[in-house]
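Numbering (our numbering), first residue to last: 1313 to 1583.
The beta-carbon is built from N, C-alpha and C at its ideal position, and this holds for glycine as well.
Right, one structure below, let's go through it.
Shown next as structure tokens:
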């Protein structure tokens, strides 16, 4: 089935697309934008659809109403989970993990614009993004332990230590405490902190700059960042040699050279 970003009609969040940039906006501001069974699945399907799409070059994720995401909805998800059998529980946890897999496997860079509350599955979505911009009031918490669950949720024990280090990740995952915006920037979780009024503008400006770049090469970079996690150094260097050789066959590589010779800015097309 062919995916079209223009035709995709989201039912459980807002989706828009313009100038090469897709925008996912979580839109339940009265409850700090929690996720439901349906929104998990729909977001997973969107990211899987984007894997083969060439119109969307980058993606921005944000939340409406001064908060990013409060995680799984207590009434719509947590309550029903307490009554499920093991088969249904495993079906749910694998589905939520599939969202992270879909985010990591789609070639487009994903930028999360994090304001206010960013907890539980919301913190995971930010974590699974490639770039994270935060506001000074952002509060990020992997609070699974607060509801009697392990911190190893949706890839947190694999991804978070690689971003902020093993000791800091351990503290957050064991305690469920909030990481302040300043800690997040200092530890490398946030690429930068931005004033509340400017965060979406900054996120979209950054997304557009990537969208106008060599997007085939960006997809290769994201692929290698993901695949090299479990490679030896020698294997990684060989993988990068092959990846770069492939990029050297692209038209964008030729365009960059021709633009350099002509002392012009290259017009990348993503092929």
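On the premise that residue 1345 lies in contact with residue 1379, defined as a C-beta separation below 8 Å, what is that separation, rounded to the nearest angstrom? 6 Å
Note down the Cα distance separating residue 1553 from residue 1413, rounded to an integer number of angstroms. 25 Å
What first and last residue would you give for the alpha helix (DSSP H) that runs through residue 1404? 1398–1417
Rounded to whole angstroms, what is the Cα-Cα separation between residue 1283 and residue 1318? Here the chain covers residues 1313 to 1583 and nothing more, so residue 1283 does not appear.
Secondary structure of residue 1347, DSSP reduced to three states: strand
Is residue 1379 helix, strand or coil by DSSP? coil
Same chain, Cβ closer than 8 Å to residue 1528, neighbours up to 5 away in sequence not counted: 1559, 1562, 1564, 1582 and 1583
Beta-carbon separation (whole angstroms), residue 1496 vs residue 1432, contact threshold 8 Å: Wrong, their Cβ atoms sit about 16 Å apart, outside the cutoff.
Grouping DSSP H, G and I as helix and E and B as strand, with all else coil, what is residue 1485? helix
DSSP state of residue 1510, grouped into three classes? helix
Report the three-state DSSP secondary structure of residue 1335 (helix, strand or coil). strand
Per DSSP, the bridge partner or partners of residue 1453: 1431
First and last residue of the beta strand (DSSP E) that includes residue 1330? 1326–1330
Less than 8 Å between C-beta atoms, sequence neighbours within five positions excluded: which residues of the same chain meet that for residue 1539? 1551
Can you find the residues in the same chain that come closer than 8 Å, C-beta to C-beta, to residue 1333, ignoring five residues on each side of it along the sequence? 1368, 1369, 1370, 1371, 1372, 1516, 1519, 1520 and 1523
On a Cα-Cα basis, can you pick out the residue from 1525, 1364 and 1510 that is closest to residue 1331? 1525
Going by DSSP, which residues form a beta bridge with residue 1504? 1445
Straight-line Cα distance separating residue 1337 from residue 1446: 15 Å
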